[in-house]
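So the sequence shown is residues 341 to 727, counted in my numbering. Beta carbons are placed, not taken as given, at the ideal position from N, Cα and C, and that holds for glycine. Model, not experiment: these values are computed from the prediction. The structure appears below as structure tokens.
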Amino acid sequence: MLKLEARPQLSRFWSYGSPILALLITVVIGMALFAALGKDPVKGLLVFFWEPIRSGYALGELMVKATPLLIIALGLAVCFRSNVWNIGAEGQFVIGAIAAGYVALLADKSTGPWIVAAIIAAGVLGGMAWAAIVALLRDRFNANEILVSLMLVYVATLVLGYVVAGPLKDPMGFNFPQSKTFDAVTQIPRLMKGSRVSIGLLIALGGVAALWIFLFRTRAGFAQQVGGLAPAAARYAGFSARRAVWIALLTSGGAAGLAGALEVAGPIGQLTPYVPAGYGFAAIIVAFVGRLHPVGMVFSAILMSMFYIGGELAQSRLGLPKSLTGVFQGLLLFTLLACDTLIAYRVRRKAAPKPAPVSSLSPGTASLQVSTPLTAQPVAHATEGAL
Numbered sequence: 341m342l343k344l345e346a347r348p349q350l351s352r353f354w355s356y357g358s359p360i361l362a363l364l365i366t367v368v369i370g371m372a373l374f375a376a377l378g379k380d381p382v383k384g385l386l387v388f389f390w391e392p393i394r395s396g397y398a399l400g401e402l403m404v405k406a407t408p409l410l411i412i413a414l415g416l417a418v419c420f421r422s423n424v425w426n427i428g429a430e431g432q433f434v435i436g437a438i439a440a441g442y443v444a445l446l447a448d449k450s451t452g453p454w455i456v457a458a459i460i461a462a463g464v465l466g467g468m469a470w471a472a473i474v475a476l477l478r479d480r481f482n483a484n485e486i487l488v489s490l491m492l493v494y495v496a497t498l499v500l501g502y503v504v505a506g507p508l509k510d511p512m513g514f515n516f517p518q519s520k521t522f523d524a525v526t527q528i529p530r531l532m533k534g535s536r537v538s539i540g541l542l543i544a545l546g547g548v549a550a551l552w553i554f555l556f557r558t559r560a561g562f563a564q565q566v567g568g569l570a571p572a573a574a575r576y577a578g579f580s581a582r583r584a585v586w587i588a589l590l591t592s593g594g595a596a597g598l599a600g601a602l603e604v605a606g607p608i609g610q611l612t613p614y615v616p617a618g619y620g621f622a623a624i625i626v627a628f629v630g631r632l633h634p635v636g637m638v639f640s641a642i643l644m645s646m647f648y649i650g651g652e653l654a655q656s657r658l659g660l661p662k663s664l665t666g667v668f669q670g671l672l673l674f675t676l677l678a679c680d681t682l683i684a685y686r687v688r689r690k691a692a693p694k695p696a697p698v699s700s701l702s703p704g705t706a707s708l709q710v711s712t713p714l715t716a717q718p719v720a721h722a723t724e725g726a727l
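Okay, here's the thing in structure tokens:
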């Protein structure tokens, strides 16, 4: 039998090896799932892990998917390292997209390229404003930020549905709930011709460097983490726990709003009810698979974008439902949580208990065991005779 034994100290090896083991287990379970669905497991794995990188265009599409995931995950890492659980990045993403889309719709033929900066700023401010609601309720009323941020996701989705069917609806759109297509001047600049990769990728990589410096090379980053993890120690050191909450939520909300602006003024090009793509929820997995480290989240964002593209290809080429993307994301998260047990515990073989030898028993006990069956029988017969 196997048992878990507490380690004297946390394992540094499994801190980095756990995500790799979780990915391997996810692949094995995925192969079994493909086989159960009557599909070739090898072909299924190729769709998920080879097709997204087989050509330059495929790599470009991979970067398009990875960019919003990475940007949102960078903001969430600040929250989670501060012990602030922002689960509503999806809603902040949507509000950022609405604010950016509103500014984009103001453009006309006389508008210059400067409007791109205004669109990005509007997205950031929209996401920060939506996250500020969570920060205010947490700070003033000690409301649970998990529930508040999650419920605001549904409110943001309803707001999006209202604006695309009302104030921002395209009058020439044949009554479809969507805005008009944004003018070309509002398009987020692309890095190369023939690819949809935009400057959002450079912004994301710049965010990686900025977050690394902030967390590990500045006093403010240290204060941010201490203020969230140990409020009493933070007060003793002169750090503000309230400030940590506000900085964490505003940073993550701004990052999610930035991703929404880059998405709606980039690949989408208009406001539609389908702006919510699940990036805000998937970025939570990206953050934890990347160990809340800026560099680690780069690789986990690429992996998660493979799941997105693989799910789309599995739908078109293998006839499988697109929801397979969510299945792989969930498998990766749950296997990661299971494998993280190895950080604090090691697996040991539990020795089976050995039966005590008869010779070790006391003479009185041995005679009692031998005599009990013999003495019990007359009593039984006597009872039957009495009845």
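- When the beta-carbon positions are compared, Lys662 and Leu342 stay at least 8 angstroms from each other.
- The segment 602-620 and the segment 467-486 do not touch, with fewer than three beta-carbon pairs separated by less than 8 angstroms.
- When DSSP states are grouped into helix, strand and coil, Leu342 belongs to the strand group.
- Separation of Ala627 and Leu414 (C-alpha to C-alpha, rounded to the nearest whole angstrom) is 7 angstroms.
- DSSP, reduced to helix, strand and coil, places Arg347 outside both helices and strands of the structure shown, so it counts as coil.
- Counting only the Cα atoms, Gly466 lies some 6 angstroms from Ala439.
- Per DSSP, the beta-bridge partners of Ser538 are Arg530.
- The beta carbon of Ala458 is closer than 7 angstroms to those of Val443 in its chain, skipping five residues each way along the sequence.
- Ser358 sits close to Ile683, with the two beta carbons spaced by under 8 angstroms.
- Distance from the CA atom of Arg583 to the CA atom of Val382, rounded to whole angstroms, is 51 angstroms.
- For the pair of segments examined, the segment 365-377 was found not to touch the segment 563-572: the number of CB pairs separated by less than 8 angstroms stays below three.
- Of all alpha-carbon atoms in Leu377, Phe668, Thr407, the one lying nearest the alpha-carbon of Leu545 is that of Thr407.
- Val687 is bridged by DSSP to Leu344.
- Scanning its chain for C-beta atoms nearer than 7 angstroms, with the 5 sequence neighbours on each side dropped, one finds around Gln655 the residues Pro661, Lys662, in chain order.
- Secondary structure note for Gly670: its alpha helix (DSSP H) is the uninterrupted segment 664-679.
- With contacts defined by Cβ atoms closer than 8 angstroms, Phe388 and Phe647 form a contacting pair.
- Following the DSSP letters along the chain, one finds Pro571 inside the alpha helix (DSSP H) bounded by residues 571-577.
- Here the segment 467-477 lies against the segment 417-433, with 3 or more beta-carbon pairs under 8 angstroms apart.
- With contacts defined by Cβ atoms closer than 8 angstroms, Val635 and Leu410 do not form a contacting pair.
- Annotation for Lys383: the continuous alpha helix (DSSP H) segment containing it runs 381-389.
- DSSP places Arg478 in the uninterrupted alpha helix (DSSP H) bounded by 455-481.
- Non-local beta-carbon contacts of Leu598 in its own chain, meaning distances under 8 angstroms to residues more than five positions away in sequence, involve Ile411, Gly436, Ile460, Gly463, Val464, Gly467, Ile543 in chain order.
- For the pair Arg394 and His633, the Cα-to-Cα distance works out to about 28 angstroms.
- Residue range 619-629 is occupied by the alpha helix (DSSP H) that includes Phe621.
- In this structure, the beta-carbon distance from Gly620 to Phe420 does not fall below 8 angstroms.
- In the structure shown, the three-state DSSP call for Gln564 is helix.
- Runs of the alpha helix (DSSP H) lying entirely within the segment 478-519, each at least 4 residues long, are 485-505 in chain order.
- Sequence-distant partners of Gln610 (beyond 5 residues in either direction) whose C-beta falls short of 7 angstroms from its own C-beta, in its chain, are Gln518, Ser519, Lys520, Thr521, Phe522.
- In this structure, Gly600 lies away from Ala471, with their beta-carbon atoms at least 8 angstroms apart.
- When rounded, the separation of the alpha-carbon atoms in Ala560 and Ala595 is 18 angstroms.
- Counting C-beta atoms within 10 angstroms of its own C-beta, Gly506 has fewer than 16 neighbours from the protein chains shown and is therefore classed as exposed.
- Per DSSP, reduced to three states, the secondary structure at Trp552 is helical.
- In this model, Phe668 and Glu391 are separated by some 16 angstroms (Cα to Cα).
- If the five residues before and after Ala475 are omitted, its C-beta is found closer than 7 angstroms to the C-beta atoms of Val585, Trp586, Leu589, Leu590, all from its own chain and listed in chain order.
- Nearest C-alpha to Leu364 among Ser645, Leu385, Leu350, Gln349: Leu385.
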